[in-house]
Amino acid sequence: MRFRAVGLPPATVRSDYRRVRALPEVAILTKSCSTEHSSTAYRGRVPDLQQLIRSAVVARRPVDARERDSVASFLRLYDALEQPFSEQANKVHVTASAIVVTDDRRRVLLHLHKRMNMWLQPGGHIDAGELPWSAALREACEETGLPAQLVGPAGEDGPQLLHVDVHGGPKGHTHLDLRYLIESPQVPPTPPQGESQDVKWFLWHNAVDTAEAGLEGILRAVQPGDARIRIARHTDAVECAQVYLRSRAFALPTVPLVHADREVRRWMADEVVGRTDMWVAEVDGTIVALMVLDPGRDQQGWIEHLYLDPAWMGRGLGDKLVQLAKERSPHGLQLWTFQVNEPARRFYERHGFVA
């Protein structure tokens, strides 16, 4: 569909112990890991907990195509489980993990998994009588030795569910992983013997590049900072291709790419970056959006490409890029978009474009 422009001119809540009114039979431990943890009391009300977790998953706004698919898979598999939190009851079960950040949010922690040889977040199975977010905190403490704590605000239904990912685990298991935000002072990790000794604080852009693929979306979403728009550089090609692929997968799941991912990366490096009027949005080393402009004919400019990483949609970044395009083509601006991409059509119409 072709468009032309008309009329151009986190708070933290800390507490040692609390109860959730929605789950009166469940006691929740939220002590810092600097103190000894006792087992969370769990005296029934399992159906309430199962419904609470299901509702939290349903409420997730996916950060990318992978999480969108994971939410659908989670609900389908979860609803078929009688004991979803038990590793022994079924090879398909719920696990819990922690996105651990420094208390100033400048770094994020990853550890090199000993068996899988991947840089991952701390996490693991849920013990009997344990709540998922308590398990995430326990695993973070056990695997890193850090004085970690859950990040709020924590309402009646526990802390906010940060991310959902469904993936294969060891021994043919399928993990329905619930991820929670946890913070710690930026002190050196001290993992105990038996745990991976490769535990590091990463700058965000390094973590995005290093972590296992299932973490990329949530790392991009949680990374703090404001996006800075600048002219693209040759060194941006790899990241620009990644944003393009992630954006296409999320916005246009029914429109298959004609070219393989490696061909897209080659095209971006050889024909787009450095050879077009290209702009990117960067957050402390992480590319989160790209736009390619063409001066066109008769002073009518074109937006050739405009792609935002799905983790950055809805933050006003697209508005800033369109405004930049209008400023660079003051006599008129046109673009194409897929007719099936209704959110994009509404976005452009809101900016004065008409079909």
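First residue of the sequence shown: 11, per our numbering; consecutive thereafter. The beta carbon of each residue, even a glycine, is placed where N, CA and C say it ideally should be.
By the Cβ test, the stretch 96 to 109 is in contact with the stretch 188 to 206, since at least three Cβ pairs between them sit closer than 8 angstroms. Contact between Gly155 and Pro202 holds: their C-beta atoms lie close to 6 angstroms from each other, under 8 angstroms. In its chain, beyond the 5 residues on either side, Glu226, Leu229, Arg230, Gln233, Thr296 have a beta carbon closer than 8 angstroms to the beta carbon of Val218. Secondary structure note for Trp211: its beta strand (DSSP E) is the uninterrupted segment 209 to 213. Restricted to the stretch 296 to 350, the beta strand (DSSP E) segments that are unbroken, complete and at least 3 residues in length are 296 to 307, 310 to 318, 343 to 346, listed in chain order. Per DSSP, Asp287 lies in no alpha helix (DSSP H); the unbroken beta strand (DSSP E) holding it starts and ends at 287 to 293. Residue environment: Thr347 is assigned as buried (16 or more neighbouring CB atoms within 10 Å of its CB, all protein chains considered). Under the DSSP definition of a beta bridge, Asp187 partners with Thr105, Asp175.
For Val197 and Gly139, the gap between their C-alpha atoms comes out near 31 angstroms. Looking only at Arg71, Gln60, Leu119, the smallest Cα-Cα distance to Gln93 is reached by Gln60.
In this structure the stretch 253 to 260 does not touch the stretch 208 to 223; the number of beta carbon pairs closer than 8 angstroms is below three.
From the listed residues Leu343, Tyr317, Met301, Asp294, the smallest Cα separation to Gln309 is found for Leu343. Rounded to whole angstroms, Thr245 and Val274 show a C-alpha spacing of 16 angstroms. Residue pairing by DSSP places Thr112 opposite Ser194 in a beta bridge. Runs of the beta strand (DSSP E) spanning 3 or more residues and lying entirely within the stretch 235 to 265 occur at 238 to 241, in chain order. Out of Pro72, His173, Thr286, the CA that lies nearest to the CA of Arg243 is found in Thr286. Nearest Cα to Arg360 within the set Gly326, Ser339, Glu337: Gly326.
When DSSP assignments are scanned along the stretch 109 to 168, the uninterrupted stretches of beta strand (DSSP E) that are 3 or more residues long and fall wholly within it turn out to be 117 to 122, 133 to 135.
Within 10 angstroms of the beta-carbon of Leu331 lie 16 or more other beta-carbons, which makes it buried. Taking Ser144 as reference, the option from Val161, Ser83, Ser65 with the minimal CA-CA separation is Val161. With contacts defined by Cβ atoms closer than 9 angstroms, Trp312 and Met301 do not form a contacting pair.
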